[in-house]
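Peer 1: According to my numbering, the sequence shown is numbered sequentially starting from 473. We put the beta carbon where it would ideally sit given N, CA and C, even for glycine. Take a look at this one; I'll ask things after.
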Amino acid sequence: MTIVLSFFVAHWVLSVFMQTFFLHRYAAHRMFTMSPRMEKVFHFFTWLFQGSSYLNPRGYALLHREHHAFSDTDRDPHSPHTTKGFIDMNVRTATRYAGLWRGTVQPEARFLGGYPTWPAMERIGDSWLVRLGFAFAYSIPYFLFAPHWAFFLLLPLHWFMGPLHGAIVNWCGHKYGYRNFDVDDRSKNTLAFDFVTLGELFQNNHHRFGQSLNFAARAWEVDPAYWVIRAFAFLGLIRIEKEQKMRYPERPVPALVESPADAE
Ligand SMILES: [Zn+2]
Ligand SMILES: [Zn+2]
């Protein structure tokens, strides 16, 4: 049982880490830079750890930039507030993502560019044979070590791990939790220590300071992925050029100096 559960947790953590590190903070937001060779290394690991549910960086980045621009409006590709429920939100997310990635729908020009592309890797990752190969491979530890058939119910979570993490963040992160910042959308911080999605559930902080590498704003909030990324920078794997910091509490905007005419 320990082996099966360890395998499940390892797949969960590695998959969601590559999503937040490579797809979200790097591909969509360009919060740090890396050499073309390192980009391929991390792209490879994104494919390896997302496996059967590998998400294409270009499709992910375009979809995510639309989410920031139109958050919780009718044009948001995945808002729990403008869709008819959890299933509807995810069907719309998947449809929009596939259209953007395959080029059958055109994003606004301002969203284009700056994401990693590697056609050979993307083709392999999208191959049905490869996806099914991963799906089968996930079942091997279960066949070998699961003490009860009920453990096999975890398998579908392995198959759809990437989109599942997206769905948790998109739904919970705009519905449940507390707010630090009064932004225009309905984003929330769901967990003060986000051990579930390694920082992604600080949606309210992230929507206020979209380029801040650390998704935690207050002293007691913990964004685990941030510290791993800082370690990557320390080791020279990536470069953090100029780190935007969150400001909490936000200082009020200084009042404009009254002109003599206003003072009268
Ligand atoms: Zn959001
Ligand atoms: Zn973002």
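When you measure from the CB of residue 737 to every non-hydrogen atom of ligand 1, does any distance come out below 7 Å?
Peer 2: There is no way to answer for residue 737, as the model of the chain reaches only from 473 to 736.
Peer 1: According to DSSP, is residue 555 helix, strand or coil?
Peer 2: It is coil, neither helix nor strand.
Peer 1: Residue 502 CB to nearest chain D CB: under 8 Å?
Peer 2: Checking the listed chains, one finds no chain D in this structure; it contains a single protein chain.
Peer 1: Between which residues of its own chain and residue 639 is the CB-CB distance below 6 Å, once the five residues before and five after are set aside?
Peer 2: So the list reads 562, once near-sequence residues are dropped.
Peer 1: Looking at residue 682 and ligand 2, is the gap between the Cβ and the nearest heavy atom below 7 Å?
Peer 2: Residue 682: yes, Cβ under 7 Å from ligand 2.
Peer 1: In chain order, what residues have a CB nearer than 6 Å to some heavy atom of ligand 1?
Peer 2: That gives 539, 543, 645, 646, 659, 675 and 679.
Peer 1: Compute the minimum distance between the beta carbon of residue 637 and the heavy atoms of ligand 2, and state whether it is under 7 Å.
Peer 2: No - ligand 2 has no heavy atom lying nearer than 7 Å to the Cβ of residue 637.
Peer 1: Return the residue from the list 689, 498 and 512 that minimises the CA-CA distance to residue 650.
Peer 2: Closest option to residue 650, Cα to Cα, is 689.
Peer 1: Starting from residue 518, follow the alpha helix (DSSP H) in both directions and report where the run begins and ends.
Peer 2: Per DSSP, residue 518 belongs to the alpha helix (DSSP H) from 508 to 522.
Peer 1: Is residue 550 near ligand 2, with its Cβ less than 7 Å from a heavy atom?
Peer 2: For ligand 2, not one heavy atom lies less than 7 Å from the Cβ of residue 550.
Peer 1: Can residue 653 and residue 686 be called in contact, C-beta distance under 8 Å?
Peer 2: Cβ atoms of residue 653 and residue 686: not closer than 8 Å.
Peer 1: For the structure I just gave you, are there three or more beta carbon pairs, one from the region 504 to 511 and one from the region 703 to 718, closer than 8 Å?
Peer 2: A contact exists between the region 504 to 511 and the region 703 to 718.
Peer 1: Taking the continuous alpha helix (DSSP H) assigned at residue 492, which residues delimit it?
Peer 2: Unbroken run through residue 492: none, as it is neither H nor E.
Peer 1: Please report how far the alpha carbon of residue 557 lies from the alpha carbon of residue 642, in whole angstroms.
Peer 2: Going by the C-alpha atoms only, they are around 12 Å apart.
Peer 1: Drop a sphere of 10 angstroms on the beta-carbon of residue 648, count the other beta-carbons inside from all chains shown, and report buried for 16 or more, exposed for fewer.
Peer 2: Exposed, by the Cβ-count rule.
Peer 1: Which residue wins for smallest C-alpha separation from residue 485, given the options 666, 723 and 674?
Peer 2: It is 666 whose Cα lies nearest to the Cα of residue 485.
Peer 1: Compute the Euclidean distance between the alpha carbons of residue 631 and residue 515, then round it to the nearest angstrom.
Peer 2: Straight-line Cα distance between these residues: approximately 19 Å.
Peer 1: Quick check: the region 480 to 499 against the region 525 to 533, are at least 3 beta-carbon pairs closer than 8 Å?
Peer 2: Judged by Cβ distances under 8 Å, the region 525 to 533 makes contact with the region 480 to 499, as three or more pairs qualify.
Peer 1: Could you pull the start and end residues of the alpha helix (DSSP H) that residue 539 belongs to?
Peer 2: It spans 529 to 541 - the alpha helix (DSSP H) in which residue 539 sits, taken as one unbroken run.
Peer 1: Distance, Cα to Cα, residue 610 vs residue 600?
Peer 2: Residue 610 and residue 600: Cα-Cα distance of roughly 15 Å.
Peer 1: Among the candidates 671, 513 and 637, whose CA atom is the shortest distance from the CA of residue 694?
Peer 2: Ranking 671, 513 and 637 by Cα distance to residue 694 puts 671 first.
Peer 1: Under 8 Å, do residue 739 and residue 473 count as touching if we go by C-beta distance?
Peer 2: With the chain covering only 473 through 736, there is no way to say anything about residue 739.
Peer 1: Using a Cβ-Cβ cut-off of 7 Å (strictly less than) and excluding sequence neighbours within five positions of residue 537, which residues of its own chain qualify?
Peer 2: Excluding residues within five positions, the ones whose Cβ falls inside 7 Å are 500 and 583.
Peer 1: Do you know whose CA, among 606, 517, 623 and 548, lies nearest residue 566's CA?
Peer 2: Here the closest residue by C-alpha is 548.
Peer 1: Quick check on residue 568: buried or exposed, where buried means 16 or more other Cβ atoms within 10 Å of its Cβ?
Peer 2: Its Cβ being crowded by 16 or more others within 10 Å, residue 568 is buried.
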